[in-house]
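Be aware that the sequence shown starts at 1, since it is given in UniProt numbering, and climbs by one per residue.
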Amino acid sequence: MAEYSSMDVCPLPLPPRCAPSGALSRLPTTNVNSPVPPEKAAPSCPGHSFRKLQIVLIIDQKAAKNLRVREMACNDVQKVADSLNVNLIRLDFDRLDFGETNALDVFYNADIALVDVSITQQQPSLCYHIGVRESMGQSYNIILTHFTDETSELLVKALRKTLAHLPMIVYILPNDNSSLVSVDKSSKIDNIAQLKADIEQISEKPYLKSGRLISFRSRMRQALKSVQIEASAHSREKFLSDLRKARETEDVAEANRFLDKMRHRLDNPDVLSVDTLYQFMLSYRDNQNYDAMISLIDDLSRIENCSIVNAQAVRFLYAFALNRRNKEGDRDRALETVLQIISDNTDGTVSPDVVCLAGRIYKDKFINSNYEDRESLDKAIEWYRKAFDVSPLEYSGINLTTLLRARGETFENNSEMQQIAVVLNSLLGRKGALANLSEYWDVATYFEVSVLAEDYPKACQAALKMAILKPPIWFLKSTMENIKLINRCAATM
């Protein structure tokens with residue numbers, strides 16, 4: 001992004017990221033306060049250099065409904081970012097939702113997250129990732145939404161309990177289709193009456209002079225101009241930088257040795273936090289070093305009052321590693337951890353990923369029983385169905401379909417499988433042609449759907465595309481386990 005020497009550059013440092021001031025965590029964890037003294041975490045001595053504010057924007061640019069309005073909002077945010085000389089990164093929702101390591105790294109470590117929740121189907125996943133940011137001390141999260149008479153009530157009903165504590169910036173397109181309009185001050189999601197009153201003023205001319213209404217671009221400038229972060233190098237940022245280098249190392253053994261050497265740096269209270277621990281575990285996960293993931297959390301759990309290990313994101317990866325390692329008792333410990341996470345989220349805000357992991361554990365139990373444990377098969381179907389009901393996405397949908405097939409159901413005779421197939425094909429179609437897909441899980445879903453439909457020419461094309469993408473080995477193993485399951489069931493029917 002170009003430099004603008006004459007533009008406003010925000011001079012005030014943010015409070016330390018690992019010591020949130022009054023941020024409410026969505027995750028069912030004990031209080032994860034920073035062990036770093038404020039004077040150490042955020043030095044404010046004159047003469048320190050400042051780095052550009054790092055902002056990540058999540059906004060859908062694929063769904064056809066109201067796409068033009070969202071594109072206008074995206075362009076306005078970009079223009080404001082350019083004028084303030086800050087770095088704006090646009091991150092695709094699908095990459096974040098699939099848990100791509102680089103996408104998670106960008107989202108969780110940005111100074112400010114601008115999250116557009118206009119697409120109802122994306123809200124469960126976005127709420128989860130915002131919650132993870134908050135648990136990491138990343139308290140600068142701003143909700144954006146396109147407000148209309150048609151969608152406002154639905155949006156408020158879905159989000160008021162979960163994100164009511166966050167500032168919300170609405171954008172509205174007036175009848176003259178000129179430029180987007182917003183509200184002058186931060187609005188709480190539960191302040192429905194005021195929001196409706198503001199929207200009604202738009203029909204009154206001139207709406208920009210009527211009380212709280214201003215242009216959306218001006219409102220974004222208000223929000224972003226109020227914060228800036230000191231950019232002095234410190235141990236935490238160096239740790240995360242070294243993690244990125246480890247991920248770029250192609251030799252898995254070398255990468256694991258590098259990570260093992262880095263582990264002792266977590267003894268430094270300036271380094272250890274939910275986000276650094278989470279990113280560290282992701283690096284081990286991509287190398288399939290499940291022993292290291294488990295021993296790390298087990299060791300930290302022995303430390304008195306080490307509440308970091310109770311963060312939902314950390315517990316999720318711990319359960320994931322236990323299930324993958326599968327030593328004696330591991331699967332039961334993994335299932336116990338996942339069910340406890342779900343039990344702790346009785347308000348319905350549990351991530352679909354967590355629900356899917358419960359299904360995955362039961363699915364693995366079924367496979368390891370030589371396909372004889374029908375109770376585990378039924379449980380796996382139950383949990384994947386719950387995940388698909390919460391948020392109809394490719395991962396839960398393809399697994400639910402595969403397991404229904406394993407139980408003896410067929411597309412011709414099962415209406416649920418037919419409905420899932422419609423959703424999966426619609427989701428895949430929106431992503432474009434196979435040749436243009438760049439995300440592994442998109443291609444893998446295309447591959448598995450083709451196998452289920454016995455369209456083997458398309459399956460071969462998808463298999464070639466998967467190989468070209470060079471994904472982590474465990475990605476391929478996960479996909480091939482589904483194919484083996486499909487083939488096994490087909491052979492016994």
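Cβ coordinates follow ideal geometry from the N, Cα and C atoms, glycine included.
DSSP on residue i, reduced to helix/strand/coil?
i, result
"SER139", "coil"
"ILE214", "strand"
"HIS165", "coil"
"ARG90", "strand"
"SER125", "helix"
"GLN54", "strand"
"ILE130", "helix"
"THR148", "coil"
"LEU272", "coil"
"SER351", "coil"
"ALA103", "helix"
"ALA113", "strand"
"ILE119", "coil"
"ILE172", "strand"
"SER241", "helix"
"SER178", "coil"
Restricting to Cα atoms, I'd like to know which of the options is closest to residue i.
i, options, result
"CYS356", "SER391, ASN256, LYS458, SER241", "SER391"
"ILE473", "ASP116, CYS460, LEU224, GLN288", "GLN288"
"GLY432", "ILE55, VAL56, GLN54, ALA63", "ALA63"
"CYS306", "ASP330, LEU266, ALA255, ASP291", "LEU266"
"GLU481", "PRO457, TYR371, ASN425, ASP389", "TYR371"
"ASP76", "GLN222, PHE107, THR148", "GLN222"
"ASP60", "SER83, VAL86, GLN418, ASP92", "ASP92"
"GLY359", "LYS327, PRO124, ASP344, ALA319", "ALA319"
"ARG68", "ILE172, PHE475, MET293", "ILE172"
"HIS129", "PHE147, ILE119, LEU96", "LEU96"
"LEU404", "LEU427, LEU485, LEU166, ASP442", "LEU485"
"GLN279", "ASN85, PHE411, LEU104, CYS74", "LEU104"
"ILE367", "ARG333, ASN326, VAL338, GLN340", "ASN326"
"ARG94", "PHE475, LEU159, GLU439, SER179", "The sequence shown places Asp at residue 94, rather than the Arg named in the question. Checking every option, the nearest Cα to that of ASP94 belongs to GLU439."
"VAL183", "ASN177, LEU144, HIS165", "LEU144"
Could you tell me the alpha carbon to alpha carbon distance between residue i and residue j, rounded to whole angstroms?
i, j, result
"THR162", "LEU126", "11 Å"
"ARG430", "ILE303", "48 Å"
"ASP260", "ASP242", "12 Å"
"GLN312", "ASP116", "23 Å"
"SER478", "GLU248", "22 Å"
"ASP275", "PHE239", "11 Å"
"GLN138", "PRO457", "47 Å"
"GLU336", "ILE297", "16 Å"
"GLU134", "TYR108", "9 Å"
"TYR362", "ALA110", "36 Å"
"SER376", "VAL314", "26 Å"
"CYS460", "ALA81", "44 Å"
"TRP383", "SER295", "28 Å"
"SER396", "ILE58", "22 Å"
"MET417", "ASP299", "44 Å"
"PRO124", "ASN141", "16 Å"
"ASP291", "ALA321", "8 Å"
"residue 540", "ARG285", "Absent from the structure is residue 540, since the part of the chain shown begins at 1 and ends at 493."
"SER450", "ALA462", "9 Å"
"ASN413", "MET220", "52 Å"
"ASP373", "ARG331", "15 Å"
"ASN399", "PHE316", "19 Å"
"ASP389", "ILE381", "12 Å"
What does the Cβ neighbour count give for residue i, buried or exposed, with the cut at 16 atoms within 10 Å?
i, result
"THR402", "buried"
"GLY408", "exposed"
"GLU448", "buried"
"GLY329", "exposed"
"GLU254", "exposed"
"ILE468", "exposed"
"ASP347", "exposed"
"ARG324", "buried"
"LYS365", "buried"
"ASN175", "exposed"
"GLU250", "exposed"
"ASP353", "buried"
"LYS379", "buried"
"SER351", "buried"
"GLU394", "buried"
"ASP442", "buried"
"ALA435", "exposed"
"ALA453", "exposed"
"ASP270", "buried"
"LYS245", "exposed"
"VAL338", "buried"
Check whether the Cβ of residue i lies closer than 7 Å to any Cβ atom in chain D.
i, result
"ASN102", "Protein chain content of the structure displayed is limited to a single chain, and chain D is not contained in it."
- Message: So within the segment 295-349, which uninterrupted alpha helix (DSSP H) runs reach at least 4 residues, ignoring any that extend past its ends?
- Response: 312-325, 330-344
- Message: If we require 3 or more residues per run, which beta strand (DSSP E) segments fall completely within the segment 353-428?
- Response: none
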